[in-house]
Amino acid sequence: MEIIVPILTPFNEKGEIDGEKVKTHVENLLRKGVDIIFVNGTTGVGPALSKDEKRKMLDYVLDVTNKVIFQVGSLNMKEVLELVNYANEKDLIAVASYPPFYFSIPKDFIVKYFKEICKASKHPVYLYNYPGATGKDVDVNLAKEIDCIKGVKDTNPDFAHTIRYKELGIKTYNGLENLAIASLSILDGTVVGAGNYMPELFSQLREYIKAGDMRKALDLQLKIDEIDGTTIPYGKISSMYYLVKELQGYDVGVPRPPMYPLEENKAKELVEKVRKIWNKSE
Numbered sequence: 000m001e002i003i004v005p006i007l008t009p010f011n012e013k014g015e016i017d018g019e020k021v022k023t024h025v026e027n028l029l030r031k032g033v034d035i036i037f038v039n040g041t042t043g044v045g046p047a048l049s050k051d052e053k054r055k056m057l058d059y060v061l062d063v064t065n066k067v068i069f070q071v072g073s074l075n076m077k078e079v080l081e082l083v084n085y086a087n088e089k090d091l092i093a094v095a096s097y098p099p100f101y102f103s104i105p106k107d108f109i110v111k112y113f114k115e116i117c118k119a120s121k122h123p124v125y126l127y128n129y130p131g132a133t134g135k136d137v138d139v140n141l142a143k144e145i146d147c148i149k150g151v152k153d154t155n156p157d158f159a160h161t162i163r164y165k166e167l168g169i170k171t172y173n174g175l176e177n178l179a180i181a182s183l184s185i186l187d188g189t190v191v192g193a194g195n196y197m198p199e200l201f202s203q204l205r206e207y208i209k210a211g212d213m214r215k216a217l218d219l220q221l222k223i224d225e226i227d228g229t230t231i232p233y234g235k236i237s238s239m240y241y242l243v244k245e246l247q248g249y250d251v252g253v254p255r256p257p258m259y260p261l262e263e264n265k266a267k268e269l270v271e272k273v274r275k276i277w278n279k280s281e
């Protein structure tokens, strides 16, 4: 029943990563019941970070905890392997990667890509499967061909698709907030970007499930869904920076384009809507 949060990347007004804000954020997440930090994922705008920025994010997080999955995916294979080698020098749980995106490539190229990562890595290699973003679905059959994957984060609304990875005997997580109740109940845990600003709700959800109080668990899942859904028109990733400050009480900087900061009136509107839902039944 692990709760994994793909940490957002705190930027200052110059677009530089603020290491102290990273550490403050990680400390709070762990204190609120998060088990593992996923570094340089979608929520952390991993595809928009430079190689050096990805390394910095890893180091800042490792200053606080070694409960880390380090996402190394890139369209530049040389960079991928350099990040894997950098991770080899660190104490962490695993490295992860999405498949090569944008280009139309045959499936055997995807297999070769992951096999290269596995060969280079001293750590377990996890698959980050997000077909909605990458246009590539590395399903259980393709994962079998790769034959070295030790875990998977499947960001997929088809929960049956996620469950099938359990056939491989690997760590299996779904990456959607609205499936957290199912992921915590059936899989090895959940990976939730919204955990950046409401980690205590996911921790409470886990406690309800452990206690067998599924009525309360369902009610809380619906509350999570309502809050998460409220952020969509404002941009889910950009919204997180404002909601961490509002709900967790500290500053995590600002988003960096193409994840633009919200206009003042929009930010205020978002916070008021979410706070109203947050305060329900408290």
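The numbering of the sequence shown is numbering that gives the first Met the number 0, which starts it at 0 and goes up by one. Even glycine gets a Cβ: it sits at the ideal position worked out from N, Cα and C. Source: prediction; values computed, not measured.
Inset, instruction - Note the first and the last residue of the continuous beta strand (DSSP E) segment covering Ser96. - result: 93-96
Inset, instruction - Between the Cα of Lys135 and those of Ala119, Pro123, Asn155, Val124, spot the shortest distance and give me the residue it belongs to. - result: Asn155
Legend entry - Pick from Gly192, Tyr59, Ile180 that is closest to Ile231, judged by C-alpha positions: Gly192
Inset, instruction - Would you identify the three-state DSSP class for Ile6, choosing helix, strand or coil? - result: coil
Legend entry - Own chain, CB closer than 7 Å to Tyr196, minus 5 neighbours either side, in chain order: Met239, Leu242, Val243, Leu246, Gln247
Legend entry - N-terminal and C-terminal residue of the alpha helix (DSSP H) that Val25 is part of: 18-30
Inset, instruction - Apply the 10 Å Cβ neighbour rule to Gly131 and answer buried if 16 or more other Cβ atoms are within range, or exposed otherwise. - result: exposed
Inset, instruction - Report yes or no: do the stretch 114-129 and the stretch 139-153 share at least 3 C-beta pairs separated by less than 8 Å? - result: yes
Inset, instruction - Put Phe69 into one of helix, strand or coil per three-state DSSP. - result: strand
Legend entry - Whether Gly188 touches Glu1 by CB criterion (7 Å): yes
Legend entry - Rounded straight-line distance, which links the Cα of Trp277 to that of Val71: 35 Å
Legend entry - Distance, Thr171 Cα to Ile162 Cα: 8 Å
Legend entry - C-beta atoms of Ile36 and Val67 nearer than 7 Å: yes
Legend entry - Val270 versus Ala47: straight-line alpha-carbon distance, rounded: 26 Å
Legend entry - Span separating the alpha-carbon of Gly228 from that of Leu175: 12 Å
Inset, instruction - Just confirm the distance between the C-beta atoms of Val190 and Ile3, as a whole number of angstroms; I'd bet it's less than 8 Å. - result: 4 Å
Inset, instruction - Please check the pair Ile104 and Val79, which I expect to be a contact at CB under 8 Å, by giving their CB distance rounded to whole angstroms. - result: About 15 Å; that fails the 8 Å criterion.
Inset, instruction - Just confirm the distance between the C-beta atoms of Val251 and Leu7, as a whole number of angstroms; I'd bet it's less than 8 Å. - result: 6 Å
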